[in-house]
Each structure stands twice: as C-alpha cells, then as structure tokens.
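Below: the structure, in structure tokens.
Protein chains in written order, with our numbering: chain A, 3 to 65; chain B, 51 to 346.
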C-alpha cells in the first residue's frame, strides 16, 4: 500500500514571537494587518490555504 | 443478395449506428469532438463486425469463428484502460478534478458500450438471417432503444432533495446551514464567500441514498460537474475557492459550497440534481436485514 502525505503545513505566520511556533518556517509580523498581508502572499505563492488557528497564529496549509 | 450478406450488412450498420447514438456529446465534451468520436466509432465498427459475422459463421459450421468474440473482449478491456489512463492524466490539469471514481465509471461505460454494440449487431444479424432483413432491422432498433433505456443510470435528483442553503461564518469557520465546511483565515476570502458564495444542502431520501452521498468520489463528481456548468471563481493559486462538499455526521446530509462565476441558485440546484450516481458508489443497505433493522 502506498502511503503519502496529502495535507501539509507549509508555513506559520504570527504576531507573537513568544509562542515558540516551530517545525515549519515561521514568519513574524509586527501587526495584525501585516500578518494578514503575509498570509495572503504566502497562500498565493505556495498555492495553499491560510487557516486561522484563533490564537494569533495563521497556518498555510497545502491541501 | 443472399442471406449471409444481408445479415452481416444489417448487423454492421445497426451496430455502428448504435455506437454513434450511445455517444453522449453533451456539456462534458467527452468524448471530445471530432477525434475521440472517430476513435470510438472505429472501435464500435469493429465490435459491430464481430457481432454481425458470428451468426453466419455458426450457420456455416465455422465454430472457431466464435473465438473472435473472446478476442473482442480483450480489445474492449484495452479501451477501458486507455480511457482510464487518459482521464487520469488530464485530471491533474483540471481546476476541479473528476476524481478516480468518476473516471473509473466513465472508463467502464466505454467498455460496456462496445459489448452492447456486439449485442445489437448479433441480434440484428440473427433475426435477419432467420426471419428477414426488415424484421432484423426492427429488432436492432428495439435493441438499441432498450439498451439506452436499461443503461440509463440514476441521478442525484432521484436519490436526494436538493435545496438552497445559507453560507455563514462563525469566526473563521465556514458553515452551510449547520454543516461545518472549513476554516478560512483571510478576511478578504470570507467576504467573497459571503457575497458570491452559493450553497445547497443535499438531503438523502433514504439509507441507500445516505450511503451513496457518503462516498467521497460521488461528492467529488458533484463538485466537478457543477464547477463545469456554472464556472468556478478560482485559479491554481487560489485553492480556498475549491468547491467543497461536507457531510453532517449525525444525519448524512451533505452541504455544498461553491463560488460560481454564474451565481444563479436555480441553475446550481439543477446542476446538482443532474449529476449521475456513480456505479462504484451504488450500495443497497436496505436489501439486507441488518440494514433494514438499523434504518428504523
């Protein structure tokens, strides 16, 4: 049986450096607006979807 | 004209005509016009020849000629894998893919239609040989009509009620009525969904329909057909606008959301209702005692 990963977190964007997000490339933004802006760009460039974790962290997921 | 020639000519003609008639050149544009049509007509012609010569061959006590039918079966299986490979290859370039279940269904149909051609031409040539050319042609026409009738499958409109639903957000989570679809982080994406997104609820009418709609391949087929008909407001770099169908776990109802180019609810419902029920998804839990007992 072939096993493959179909969904993958490509990056995370956050405004709070003390969250210690790790395991994926993390982009730190100064403000909420900048975080949204960066998420838009990342999602377009990576052809992925930005999801709101609800705690000030956006993850960019390839579906 | 002697009987053998009449039987062969009638069988080949009716068989080829039936293959042409069975081809559905509708919105799916498959088989694509004109080259794929020519391919399938040519294979249909070969199938018709094999069916038509079988009766005169048996009548002439050439029993080995029937083994050609076995050869035909191998050829038609080849048609199936050819269609499957081709559709799988082009599926990667579609914005909303067909999915493997839909592809398998199409490939199987292409194979089966060639067997139907053999059946039509065999019957035509048999009746022409035994009775008369007029009776043979009449039998062939009846056979063509009955294959069309018998091979017509069900559509979503037969197994479920499709009704409009509301697109709403709870924070970043997208809902269609009470069915959670997905989490969308970006405000601008949510705005587009609120303004242009259209949603429907597909309610299964019984347990059989519920199981059909639970199949992921069936849901992908619905997404593909609807996107093909109404257009989809997405490109390769905007994956968030992919049409999605999600299931309410408690009831088996399915919610669908799409951002169509043509945001017309009436057409959306019509498009969903006309999606074929895939053969591979067809199950009948109500035929079994346990299934009936559980459906109470």
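In this text, a Cβ means the ideal position worked out from N, Cα and C, and glycines have one as well. Computed from a prediction, not measured in an experiment: that's the story for all the values here.
Any Cβ of chain B closer than 9 angstroms to the Cβ of residue 23/A would place that residue at the interface, and such an atom is absent. Sorting 218/B, 173/B, 228/B and 112/B by C-alpha distance to the C-alpha of residue 245/B places 218/B at the top. Sequence-ordered contacts of the stretch 17-50 of chain A with chain B read 38, 41, 42, 45, 46, 47, 49 and 50 [C-beta pairs closer than 8 angstroms]. Taking a contact as a CB-CB distance under 8 angstroms, the pair residue 328/B and residue 151/B counts as one, their CB atoms being some 5 angstroms apart. Annotated three-state conformation of residue 26/A is coil, per DSSP. Listed in chain order, the non-local C-beta contacts of residue 54/B below 8 angstroms within the same chain comprise 106, 109, 110 and 179, local neighbours out to five positions each way being set aside. Of 238/B, 86/B and 123/B, the smallest CA-CA separation from residue 101/B is found for 123/B. Contacts with chain A at 9 angstroms (Cβ-Cβ) do not include residue 228/B.
Under the DSSP assignment, residue 211/B falls in the beta strand (DSSP E) whose first and last residues are 210-215.
Residue 199/B has its alpha-carbon roughly 28 angstroms from the corresponding atom of residue 121/B. Spanning the alpha carbons of residue 216/B and residue 227/B requires a straight line of approximately 5 angstroms.
Excluding its 5 nearest sequence neighbours in each direction, residue 267/B has C-beta neighbours in its own chain below 7 angstroms: 149, 150, 151, 152, 328, 330 and 331, listed in chain order.
Interface criterion not met: the Cβ of residue 265/B is under 9 angstroms from no Cβ in chain A. With 16 or more neighbouring CB atoms inside 10 Å of its own CB, residue 270/B falls in the buried class.
Note that the C-beta distance between residue 93/B and residue 118/B is not below 9 angstroms.
Linking residue 308/B to residue 223/B through their CA atoms gives a straight-line distance of about 15 angstroms. Inter-residue distance for residue 64/B and residue 314/B is about 42 angstroms (C-alpha atoms, whole angstroms). For residue 287/B, the chain A residues whose Cβ falls inside 7 angstroms of its Cβ are 46 and 49, in order along the chain. For residue 19/A, there is no enclosing alpha helix (DSSP H), as DSSP marks it with neither H nor E. Residue contact with chain A for residue 245/B: absent (no Cβ-Cβ distance below 9 angstroms to any residue of chain A).
In the DSSP assignment, residue 227/B falls outside any alpha helix (DSSP H) and carries neither an H nor an E. Here the alpha carbons of residue 143/B and residue 206/B stand approximately 26 angstroms from one another. Here residue 292/B has 146 and 284 as same chain residues with Cβ atoms under 7 angstroms from its own Cβ, once five neighbours each way along the sequence are excluded. With 16 or more other CB atoms across the displayed protein chains lying within 10 angstroms of its CB, residue 310/B is buried. Straight-line spacing of the CA atoms in residue 67/B and residue 129/B works out to 19 angstroms. In this structure, residue 306/B lies near residue 295/B, with their beta-carbon atoms less than 9 angstroms apart. Interface residue (Cβ-Cβ distance to chain A less than 9 angstroms): residue 309/B is not classified as such. If you ignore the 5 residues before and after residue 41/A, its C-beta comes within less than 6 angstroms of the C-beta of 15, 52 and 60, all in its own chain and listed in chain order.
By alpha-carbon distance to residue 257/B, the top candidate from 140/B, 338/B, 157/B and 74/B is 338/B.
Residue pairing for residue 297/B: DSSP places it in a beta bridge opposite 304/B.
For chain A, none of the residues of the stretch 147-160 of chain B brings a beta carbon within less than 8 angstroms of one of its beta carbons. Within a 10 Å sphere around the beta-carbon of residue 164/B sit 16 or more other beta-carbons, which makes this residue buried.
Assigned with DSSP and collapsed to three states, residue 249/B falls in strand. With respect to chain B, the C-beta atom of residue 7/A has no partner C-beta closer than 9 angstroms. Contact annotation: residue 7/A and residue 63/A have beta-carbon atoms that are not nearer than 9 angstroms. Short of 7 angstroms from the beta carbon of residue 134/B, and not among the five residues preceding or following it, lie these beta carbons of its own chain, in chain order: 153, 154 and 157.
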